[in-house]
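Inspection log for the structure reproduced underneath, given as structure tokens.
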Amino acid sequence: MPSDESPVPSSNSSIPVAGVVPLEQMAGDDEEDMAFLREMAERAQNFMKSFSWCLAIRESFFGAGIGKIIAIFLFRIAPERPGVDEWL
Numbered sequence: 005m006p007s008d009e010s011p012v013p014s015s016n017s018s019i020p021v022a023g024v025v026p027l028e029q030m031a032g033d034d035e036e037d038m039a040f041l042r043e044m045a046e047r048a049q050n051f052m053k054s055f056s057w058c059l060a061i062r063e064s065f066f067g068a069g070i071g072k073i074i075a076i077f078l079f080r081i082a083p084e085r086p087g088v089d090e091w092l
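In terms of our numbering, the sequence shown opens at residue 5 and continues consecutively.
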């Protein structure tokens with residue numbers, strides 16, 4: 005995302021980084037790449053939810069990725085206790 009554009013608006017607060025899109029707008033190079041990226045997103049969400057300090061995932065964003073190799077996600081969570089960052 006060019007630096008002169010604003011980040012995608014969040015429902016309740018501003019996204020702390022530029023260049024991410026809502027997970028629903030994630031795009032891969034082809035169908036196979038998309039299938040891998042969807043699987044990676046699901047695994048990342050399950051990983052976040054496995055921690056006791058994460059009550060729920062409020063919003064999910066995609067930064068970049070190559071299916072089955074690497075993917076960067078940003079999550080806005082509902083923290084279980086004070087001191088836990090809502091953006092991970």
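Note that beta-carbon positions come from the ideal geometry of N, C-alpha and C, so glycine has one too.
K72 versus E35: straight-line alpha-carbon distance, rounded: Here residue 72 is taken as the residue at index 68 of the sequence shown, counted from 1. Here residue 35 is taken as the residue at index 31 of the sequence shown, counted from 1. So the two alpha carbons sit approximately 13 Å from each other.
message: Measuring alpha carbon to alpha carbon, tell me which residue in I70, V25, A60, P20 is nearest Q49.
response: On the sequence shown, position 45 is the one that residue 49 refers to. That would be A60, whose Cα lies nearest to the Cα of Q49.
field: Test item: CB-CB of F65 and P20 under 8 Å
entry: Taking the first residue of the sequence shown as position 1, residue 65 is located at position 61. Taking the first residue of the sequence shown as position 1, residue 20 is located at position 16. No, they are not a contact pair.
- request: Please list, in chain order, all residues of the same chain as R85 whose beta carbon is under 8 Å from its beta carbon, the five residues on each side excluded.
  value: Taking the sequence shown and counting its residues from 1, the one referred to as residue 85 is at position 81. Spatial neighbours of R85 in its own chain (CB-CB distance under 8 Å, excluding positions within 5 residues in sequence) are listed in chain order as W57.
- prompt: Roughly how many angstroms lie between the CA atoms of A45 and G67, to the nearest whole one?
  reply: Locating residue 45 in the sequence shown gives position 41, counting from the first residue. Locating residue 67 in the sequence shown gives position 63, counting from the first residue. One C-alpha to the other measures close to 11 Å.
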